[in-house]
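Shown next, in structure tokens, is the structure this report addresses.
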Amino acid sequence: MLDITIVAFAHHKGGTGKTTSCLNVAGYLQKDGKSVLVVDCDPQANATTGLGIDPEALELSMYDVFMNVFEGFPDIVIEDVIVPTASGVDLAPATLDLVGVEPYLYGIEDRTGLLKEALARVRGNYDFILIDTPPSMGQFVINGLVAADHTVVTLDPGTFALRGMEALSTVFGDIREMLGEDVAADVAILTRWKGPGDREAGASGLALFLKRLFSPGSSADEERERERLKIFESQVRKSFKQVFTVPYSPAIYETQQRGLPISHYAPESEAGQEYRAITTALLALDENHDEV
0 MLDITIVAFA
10 HHKGGTGKTT
20 SCLNVAGYLQ
30 KDGKSVLVVD
40 CDPQANATTG
50 LGIDPEALEL
60 SMYDVFMNVF
70 EGFPDIVIED
80 VIVPTASGVD
90 LAPATLDLVG
100 VEPYLYGIED
110 RTGLLKEALA
120 RVRGNYDFIL
130 IDTPPSMGQF
140 VINGLVAADH
150 TVVTLDPGTF
160 ALRGMEALST
170 VFGDIREMLG
180 EDVAADVAIL
190 TRWKGPGDRE
200 AGASGLALFL
210 KRLFSPGSSA
220 DEERERERLK
230 IFESQVRKSF
240 KQVFTVPYSP
250 AIYETQQRGL
260 PISHYAPESE
270 AGQEYRAITT
280 ALLALDENHD
290 EV
């Protein structure tokens, strides 16, 4: 049996590059010779279309996997829904039907562990399973976090980045308290970074961006915002083991149109090189996880 690592990509807000990051990391893992499964748990099915699969053409999806626990629904398991993609990454796809699953989940006691149980059936088939969760705080996100060994949080360079991080930290704490599951964010990715110092990774790179954002120099509240920045940087250092920045790149949008990860289309682009570094960091986390 393979020693598998499961990684969840999460953020409660859309437009943070969560799905893009999930697929691009999957692509680089595949190029490194790893067997990879992407599990799309988002009803928007962006990971599914991002790997070149048309959700409307699917007969089975993760909807069927979640619903098989209810009486009267077909006994569909995750192996039944997995499809190959042109990138060499396998996919457990999503469709819009997933929207109808969550109301059912609130009616069962063991709802938070459904995905973990489903993935147990294919643990011996893959080196990595990457879970793309929806931009919400609902049951699919909680299922993804409970199933994962590591969590990657994506942040956009907006003024609500701190609020988003705090919201996710609250969810992590609730899961630890209610379920006894050891969940935490290992890696943060700041996406669509622009300006000098784009490639600088780590909390110092994030601080550089926030300084430009919150402290323009002419602001009457400059000192207050600088103090706010210090607090933010401190929280970032406490919350994430590693922080990466991915610059804006047209190549990202071109890869989405082609249904391929950036690793398979534009690996030499700035964004491609940064996702290469992120993948290397996750592989290192995997090695440390194996040693425990």
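Okay, so the sequence shown: first residue is 0 according to numbering that gives the first Met the number 0, each after it adds one. We put the beta carbon where it would ideally sit given N, CA and C, even for glycine. A quick note: this is a predicted structure, and the numbers were derived from the prediction, not measured.
- Take isoleucine 251, set aside five residues on each side of it, and the residues of its chain with a beta-carbon closer than 7 Å to its own are Thr19, Ile261, Ala270, in chain order.
- Where valine 151 is concerned, there is no enclosing alpha helix (DSSP H), although the beta strand (DSSP E) around it starts and stops at 149-154.
- Taking every protein chain shown into account, the CB of tyrosine 105 has fewer than 16 other CB atoms within 10 angstroms, so this residue is exposed.
- By the CB criterion at 8 Å, alanine 85 and glycine 51 fall inside the cutoff.
- Inside the segment 105-137, DSSP marks whole alpha helix (DSSP H) runs of 4 or more residues at positions 113-118, from first to last along the chain.
- The Cβ neighbour count for glutamine 29, taken over all protein chains shown within 10 Å, is at least 16; the residue is labelled buried.
- The residue from Ala283, Pro266, Thr278, Gln241 with its alpha-carbon nearest to that of glutamate 253 is Pro266.
- Taking 8 Å as the cut-off, the Cβ atoms of aspartate 39 and methionine 66 do not count as close.
- With fewer than 16 other CB atoms across the displayed protein chains lying within 10 angstroms of its CB, valine 76 is exposed.
- For leucine 282, the three-state secondary structure derived from DSSP is helix.
- Separation of the CB atoms of valine 37 and alanine 46 is rounded to 6 Å, and the pair is thereby assigned contact status at 8 Å.
- Between aspartate 89 and isoleucine 81, the C-beta spacing is below 8 Å.
- Residue nearest to proline 83 within the set Ala280, Gln272, Leu259, Ala276 is Leu259 (criterion: CA-CA distance).
- Here histidine 149 has Val6, Asp185, Leu284 as same chain residues with Cβ atoms under 6 Å from its own Cβ, once five neighbours each way along the sequence are excluded.
- Your pair phenylalanine 239 and alanine 187 checks out as a contact, with CB atoms roughly 4 Å apart and the cut at 8 Å.
- A distance of 8 Å or more separates the beta carbons of leucine 95 and proline 134.
- For phenylalanine 65, the uninterrupted alpha helix (DSSP H) run begins and ends at 61-66, by DSSP.
- At a Cβ-Cβ threshold of 8 Å, tyrosine 274 and tyrosine 27 count as neighbours.
- Assignment of glutamine 241 by DSSP, reduced to helix, strand and coil, places it in the strand class.
- Proline 42 sits buried, since 16 or more C-beta atoms from the chains shown fall within 10 Å of its C-beta.
- Under the three-state reduction of DSSP, alanine 46 is assigned to helix.
- Following the DSSP letters along the chain, one finds threonine 254 inside the alpha helix (DSSP H) bounded by residues 249-257.
- Among the bridge pairs identified by DSSP, isoleucine 188 is matched with Thr153, Phe243.
- When the beta-carbon positions are compared, leucine 97 and asparagine 142 stay at least 8 Å from each other.
- Your pair histidine 10 and valine 152 checks out as a contact, with CB atoms roughly 6 Å apart and the cut at 8 Å.
- Judged by DSSP in its simplified three-state form, alanine 146 adopts helix.
- Between glycine 137 and glutamate 108 a beta carbon distance of about 17 Å is seen, past the 8 Å cut, so the two are scored as non-contacting.
- Beta bridge pairing from DSSP links leucine 36 with Asp89, Ile128.
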